[in-house]
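One structure is given below, encoded as structure tokens.
2 protein chains.
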Amino acid sequence: MEYFARDADIAPVAALIADPTRAAILTALLGGRALAAGELARVAGVSAATASAHLARLLDGRLVDVVPQGRHRYYRLAGHEVAEVLESLATISARPPVRSLRQSRQARLLEEARTCYDHLAGRAGVGLLDRLREGGHYAACDLTERGERLLSGLGVDVAGARGSRRRFAPECLDWTERRSHLGGALGAAIARTLFERGWYRRGAVPRAVVLTDEGRQGLAALFSGKELTSATPVT
Amino acid sequence: MEYFARDADIAPVAALIADPTRAAILTALLGGRALAAGELARVAGVSAATASAHLARLLDGRLVDVVPQGRHRYYRLAGHEVAEVLESLATISARPPVRSLRQSRQARLLEEARTCYDHLAGRAGVGLLDRLREGGHYAACDLTERGERLLSGLGVDVAGARGSRRRFAPECLDWTERRSHLGGALGAAIARTLFERGWYRRGAVPRAVVLTDEGRQGLAALFSGKELTSATPVT
DNA sequence: CCGACGTTTCGCCCCGCGTCGAAGGGTCCC
DNA sequence: GGGACCCTTCGACGCGGGGCGAAACGTCGG
Numbered sequence: 001m002e003y004f005a006r007d008a009d010i011a012p013v014a015a016l017i018a019d020p021t022r023a024a025i026l027t028a029l030l031g032g033r034a035l036a037a038g039e040l041a042r043v044a045g046v047s048a049a050t051a052s053a054h055l056a057r058l059l060d061g062r063l064v065d066v067v068p069q070g071r072h073r074y075y076r077l078a079g080h081e082v083a084e085v086l087e088s089l090a091t092i093s094a095r096p097p098v099r100s101l102r103q104s105r106q107a108r109l110l111e112e113a114r115t116c117y118d119h120l121a122g123r124a125g126v127g128l129l130d131r132l133r134e135g136g137h138y139a140a141c142d143l144t145e146r147g148e149r150l151l152s153g154l155g156v157d158v159a160g161a162r163g164s165r166r167r168f169a170p171e172c173l174d175w176t177e178r179r180s181h182l183g184g185a186l187g188a189a190i191a192r193t194l195f196e197r198g199w200y201r202r203g204a205v206p207r208a209v210v211l212t213d214e215g216r217q218g219l220a221a222l223f224s225g226k227e228l229t230s231a232t233p234v235t
Numbered sequence: 001m002e003y004f005a006r007d008a009d010i011a012p013v014a015a016l017i018a019d020p021t022r023a024a025i026l027t028a029l030l031g032g033r034a035l036a037a038g039e040l041a042r043v044a045g046v047s048a049a050t051a052s053a054h055l056a057r058l059l060d061g062r063l064v065d066v067v068p069q070g071r072h073r074y075y076r077l078a079g080h081e082v083a084e085v086l087e088s089l090a091t092i093s094a095r096p097p098v099r100s101l102r103q104s105r106q107a108r109l110l111e112e113a114r115t116c117y118d119h120l121a122g123r124a125g126v127g128l129l130d131r132l133r134e135g136g137h138y139a140a141c142d143l144t145e146r147g148e149r150l151l152s153g154l155g156v157d158v159a160g161a162r163g164s165r166r167r168f169a170p171e172c173l174d175w176t177e178r179r180s181h182l183g184g185a186l187g188a189a190i191a192r193t194l195f196e197r198g199w200y201r202r203g204a205v206p207r208a209v210v211l212t213d214e215g216r217q218g219l220a221a222l223f224s225g226k227e228l229t230s231a232t233p234v235t
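The listed protein sequences correspond, in order, to chains A and B. Under full-length UniProt numbering, read the first sequence as residues 1 to 235, first letter to last. Under full-length UniProt numbering, read the second sequence as residues 1 to 235, first letter to last.
Set out below in structure tokens:
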């Protein structure tokens with residue numbers, strides 16, 4: 001017992017994540033947006049009182065922070081480090097069983113494209129990294145000069161991403177695809193630009209994002225006719 | 001509620017890790033060696049009966065697997081993916097308070113050099129990556145040709161590491177140093193060689209590893225007189 | 001073969017945590 | 001200004017999970 005008093009004490013953080021209600025809240029916040037307490041209560045399927053108690057614990061444990069706006073309190077993940085832990089846990093978690101057509105559709109939407117906090121994940125995220133690599137824009141955890149030009153031309157703030165204290169362009173194991181998507185400051189900068197340009201937009205399923213027609217054309221032009229994924233639109 | 005039935009369900013895995021006894025067991029197994037049930041009970045400071053119940057849950061949840069040897073049952077982490085989750089949790093966990101000289105010493109030993117499952121971590125792990133980088137042996141998540149020659153000459157199975165399904169040489173955020181150490185198949189291959197050569201050996205504190213005199217000389221010769229860390233031996 | 005040892009299983013007990021309705025406080029909008 | 005709305009806090013309750021000692025089971029070694 002004494003031996004381990006000084007090693008990492010991971011139980012408290014894991015305990016914060018371990019409750020299903022809190023896990024649902026944290027997973028919702030992996031969408032990258034701040035959400036109001038009431039919205040989080042709805043999403044987790046509990047009363048406002050229960051959600052409030054859980055949010056207080058997440059705040060106390062510094063997994064989330066809060067931005068009060070009038071009567072609303074918007075909660076968000078405390079940072080990308082928390083997001084990385086959540087996604088890491090997802091890689092060793094079982095896939096939820098699919099029990100209805102609606103659930104099947106939701107699963108497909110999440111697999112196709114979703115935000116992992118501030119960068120693109122799912123098939124789209126993996127496809128983005130593949131395209132960058134195939135085109136000689138990205139190699140060995142960094143952008144090539146060719147890649148810098150491509151993304152800067154698109155409006156991505158590459159210099160800002162390089163100046164970030166965060167890792168620049170690491171490969172991250174994708175939960176659904178079991179291959180790498182692009183994380184780090186660059187992944188975040190690219191995703192920001194994709195949203196700003198309206199090439200991706202948020203869908204009805206929390207955390208799932210949807211490619212727009214404009215985005216399909218823009219990305220095809222960017223990658224010489226190749227799309228990020230081969231998926232037909234999910235109905 | 002319906003919304004999140006299909007997203008990652010991370011609560012069960014987090015719940016397995018959240019119990020302090022199970023967290024202690026998992027952290028002990030981060031040392032990289034299989035440990036017997038009785039030993040894990042001692043390390044976690046609980047009875048054999050309690051440890052057994054917890055180990056059954058970890059087995060059922062596939063965080064560990066077991067190798068029976070006669071009356072002994074040796075448990076080990078189910079793979080490097082689990083190790084990555086544990087270390088990820090450690091990066092956002094508070095450092096345990098230090099309350100005695102003994103604890104202070106233990107903390108220093110762990111900070112200096114420890115195994116993170118199968119690769120070197122702590123100052124030594126960070127120093128190793130720094131040395132490889134400074135010497136032009138490693139750049140952007142890969143070995144250079146120069147690095148291949150250096151490590152192959154040392155006896156590291158670089159080709160085997162490249163052939164692994166695992167990521168080759170990713171940078172991993174170190175829990176105590178807040179900088180990167182070398183993970184992946186290469187990190188594991190290097191650590192294996194360091195142990196085989198007797199350059200590092202296991203210390204009395206679980207998970208902490210100790211540089212031998214032979215190792216100090218060997219590494220200094222390898223890196224042109226520079227040591228991995230500047231630490232004086234911890235007494 | 002038998003006693004020692006390591007481990008698992010069983011049964012019982014206790015504690016902590018999540019839940020909700022109600023109450024209270026603060027903000028918004030007509 | 002007042003009602004509606006959002007959110008937090010409080011108190012009580014029930015459930016689940018971890019703990020241990022004892023018993024059972026399997027292996028080892030003299």
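We put the beta carbon where it would ideally sit given N, CA and C, even for glycine.
Original post:
Apart from the five residues just before and just after residue 142 of chain B, which ones in its own chain have a Cβ nearer than 8 Å to its Cβ?
Top reply: 168, 169
Original post:
At a Cβ cut of 7 Å, what residues of the segment 173 to 184 of chain B count as close to chain A, listed as they run along the chain?
Top reply: 175
Original post:
Leaving out five residues before and five after residue 43 of chain B in sequence, what residues of the same chain have Cβ atoms less than 8 Å from its Cβ?
Top reply: 24, 25, 28, 35, 206
Original post:
If the cut is a Cβ gap below 7 Å, which residues of chain A does residue 89 of chain B touch?
Top reply: 10, 13, 14, 85
**OP:** Would you kindly work out how many angstroms separate the C-alpha atoms of residue 209 of chain B and residue 100 of chain B, rounded to a whole number?
**Re:** 21 Å
Original post:
Does the Cβ-Cβ distance between residue 63 of chain A and residue 82 of chain A come in under 8 Å?
Top reply: yes
Subject >> Minimum Cβ-Cβ distance from residue 146 of chain A to chain B less than 8 Å >> reply: no
Subject >> Partner residues on chain A for residue 66 of chain B, Cβ-Cβ distance less than 8 Å >> reply: Within chain A, no residue comes near residue 66 of chain B; the closest Cβ sits about 18 Å away, beyond 8 Å.
**OP:** Kindly provide the ranges of any alpha helix (DSSP H) runs that are 4 or more residues long and lie completely inside the segment 84 to 151 of chain A, ordered along the chain.
**Re:** 101 to 112, 122 to 134
Original post:
In chain B, which residues lie less than 8 Å from residue 190 of chain A when you measure between Cβ atoms?
Top reply: Per Cβ cutoff of 8 Å: no residues; residue 190 of chain A is ~18 Å from chain B at best.
Original post:
Hey, residue 70 of chain B and residue 16 of chain B: beta-carbon distance below 8 Å or not?
Top reply: no
Original post:
Between the segment 204 to 219 of chain B and chain A, which residues of the former have CB atoms less than 8 Å from a CB of the latter, in chain order?
Top reply: 205, 206, 207
Original post:
Touching or not, the segment 142 to 158 of chain A and the segment 107 to 117 of chain A, by the rule of three or more beta carbon pairs under 8 Å?
Top reply: no
Subject >> Separation of residue 128 of chain A from residue 114 of chain A, as counted between CA atoms >> reply: 13 Å
**OP:** Counting only the same chain and skipping the five closest in sequence on each side, list residues whose C-beta sits under 6 Å from that of residue 155 of chain A.
**Re:** 193
Original post:
Based on the DSSP output, what are the partners of residue 52 of chain B in its beta bridges?
Top reply: Beta-bridge pairing links residue 52 of chain B to no other residue.
Subject >> Rounded Cβ spacing between residue 177 of chain A and residue 126 of chain A (contact assumed at less than 8 Å) >> reply: 5 Å
Subject >> C-beta atoms of residue 75 of chain A and residue 124 of chain A nearer than 8 Å >> reply: no
Original post:
How long is the line joining the alpha carbons of residue 22 of chain A and residue 159 of chain A, rounded to whole angstroms?
Top reply: 36 Å
Subject >> C-alpha distance - residue 138 of chain B paired with residue 182 of chain B, whole-angstrom precision >> reply: 10 Å
Original post:
Can you name the residues that DSSP bridges to residue 77 of chain B?
Top reply: B/64
**OP:** Report the residue from A/66, A/104, A/80, A/196 whose alpha carbon sits nearest the alpha carbon of residue 218 of chain A.
**Re:** A/196
Original post:
If you measure from the beta carbon of residue 17 of chain B to each beta carbon in chain A, is any gap under 8 Å?
Top reply: yes
Subject >> Inter-residue Cα distance where the pair is residue 30 of chain B and residue 11 of chain A >> reply: 14 Å
Subject >> Residues near residue 80 of chain A by beta carbon distance below 7 Å, same chain, minus five either side >> reply: 117, 118, 166
Original post:
Along chain B, which residues have their Cβ under 9 Å away from the Cβ of residue 82 of chain A?
Top reply: 92
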